[in-house]
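The sequence shown maps to residues 0 to 230 in numbering that gives the first Met the number 0.
Ideal Cβ placement from N, Cα and C applies to all residues, glycine included.
Only a predicted model underlies this, so the values are computations on that prediction, with no experimental measurement involved.
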Amino acid sequence: MLRFLDETTSFPPVHHALQDPNGLLAVGGDLSAERLLSAYQSGIFPWYGQDDPILWWSPDPRAVFTPDSLHYSRSMRRFSRTTNFHVTLNQDFVAVIKGCRQAHQASGVWIHDEFIDAYTRLHHRGQAHSVEVWEQEQLVGGLYGLSINSVFTAESMFHLRPNASKLALLTFAHVFFSSGGQCLDAQIENPHLLSLGAINLPRSEFIEQLNAPVSNGLRDFYQRRQLKIGF
0 MLRFLDETTS FPPVHHALQD PNGLLAVGGD LSAERLLSAY QSGIFPWYGQ
50 DDPILWWSPD PRAVFTPDSL HYSRSMRRFS RTTNFHVTLN QDFVAVIKGC
100 RQAHQASGVW IHDEFIDAYT RLHHRGQAHS VEVWEQEQLV GGLYGLSINS
150 VFTAESMFHL RPNASKLALL TFAHVFFSSG GQCLDAQIEN PHLLSLGAIN
200 LPRSEFIEQL NAPVSNGLRD FYQRRQLKIG F
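#1: Could I get the ranges of all uninterrupted alpha helix (DSSP H) runs contained in the segment 54-126, with 4 residues as the minimum, in chain order?
#2: Can you say whether residue 156 is buried or exposed, counting buried as having 16 or more other CB atoms within 10 angstroms of its CB?
#3: Just reading off the beta strand (DSSP E) that residue 47 is part of, what are its end residues?
#4: Return the residue from the list 161, 143, 162 that minimises the CA-CA distance to residue 154.
#5: Taking DSSP as the reference, what is the three-state secondary structure of residue 146?
#6: Drop a sphere of 10 angstroms on the beta-carbon of residue 81, count the other beta-carbons inside from all chains shown, and report buried for 16 or more, exposed for fewer.
#7: Taking 8 Å as the limit between beta carbons, can you name the residues of its chain near residue 10, skipping five residues before and five after?
#8: Measure the beta-carbon distance from residue 187 to residue 12 and round it to whole angstroms, keeping in mind my assumption that it falls under 8 Å.
#9: From the DSSP output, in three-state form, read off residue 164 for me.
#10: Taking 8 Å as the threshold, find out whether the segment 61-74 comes into contact with the segment 195-204 through three or more Cβ pairs.
#11: Can the beta-carbon of residue 87 be found closer than 8 Å to that of residue 225?
#12: Give me the Cα-Cα distance between residue 236 and residue 150, rounded to the nearest whole angstrom.
#13: How do the segment 173-182 and the segment 126-140 stand: do at least 3 beta-carbon pairs fall below 8 Å, yes or no?
#14: Near residue 261, which residues of its chain fall below 7 Å by C-beta distance, leaving aside the five closest residues on each side in sequence?
#15: To the nearest angstrom, how far is the alpha carbon of residue 28 from that of residue 73?
#16: So what does residue 157 bridge to, in DSSP terms?
#17: Which residue from 67, 31, 33 puts its Cα closest to that of residue 195?
#18: I'd like the ranges of any alpha helix (DSSP H) spanning at least 4 consecutive residues and lying wholly in the segment 15-44.
#19: Give me the Cβ distance between residue 84 and residue 163, rounded to the nearest whole Å; I'm assuming they're in contact under 8 Å.
#20: Counting C-beta neighbours from all protein chains within 10 Å, is the total for residue 203 16 or more, i.e. buried, or is it exposed?
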């Protein structure tokens, strides 16, 4: 049975989530920083339409990338060696999340103003982060998400040039895993993610990853900087 939340109600245990639709756990509540951090620390995330109540999800299994699963195709390796793009971390969070909203307009606006405001507040607190792909001074792709210990949850990506979002993901993932990251959470599988090496992890194992202590290499990882392209 779905839990209906007000501003003070806590989340139910994730094993109470529905099987159909997979992972729907609760309805209502708010997008305060405290609520969002509590959700992500428990393996829960919000996903809902602009005119809908807030819906909270914890699917089982969970689509993730691990250091051993990520697939770097020969074509993307070649592209990374020849491109004139450059990749940065936390250079322009708001532009990235608005780029993701624009890219997903056709499939329904779920990254609405309330969503942008909430995640921007998390960015200012050092919990939400962006990866940008630039062609000279123009933003042509990127992704954003949240960090919890040694896990990074990627929320959405966009591209204005071919391969720009792939380059954002693969460049970030390579540096993230090389620095001690253990799990890059993609939430729900789709054919594109599977082609890049996403695997399905049982929810219980994913939550174990969330609870693992942060590795030393990630303590200063999210400083604003340029990321080296190459994988």
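Here's the rundown:
#1: Counting only runs of at least 4 residues, the segment 54-126 fully encloses the following alpha helix (DSSP H) elements, listed from N- to C-terminal order: 73-81, 92-102, 112-123.
#2: Around the beta-carbon of residue 156, 16 or more other beta-carbon atoms lie within 10 Å, marking it buried.
#3: According to the DSSP assignment, residue 47 belongs to no beta strand (DSSP E), since it is labelled neither H nor E.
#4: When each option's Cα is compared against that of residue 154, the closest is 143.
#5: Residue 146 falls in the strand class under three-state DSSP.
#6: Exposed is the call here.
#7: So the list reads 2, 4, 24, 25, 37, 38, 41, 43, 55, once near-sequence residues are dropped.
#8: About 20 Å; that fails the 8 Å criterion.
#9: It is helical.
#10: Taking a cut-off of 8 Å on C-beta distances, the segment 61-74 touches the segment 195-204, as three or more cross pairs fall below it.
#11: Yes. Within cutoff.
#12: The displayed coordinates of the chain run from 0 to 230. Any statement about residue 236 would go beyond what the structure contains.
#13: They do not touch, by the three-pair rule.
#14: Limits of the chain in this structure are 0 at one end and 230 at the other, which puts residue 261 out of reach.
#15: Each residue's Cα considered, the two are about 45 Å apart.
#16: Among the bridge pairs identified by DSSP, residue 157 is matched with 141.
#17: Answer by Cα proximity: 67.
#18: If we require 4 residues or more, the alpha helix (DSSP H) runs fully inside the segment 15-44 come out as 32-40.
#19: About 7 Å separates the beta carbon of residue 84 from that of residue 163, a gap short enough to meet the 8 Å contact definition.
#20: Classification for residue 203: exposed.
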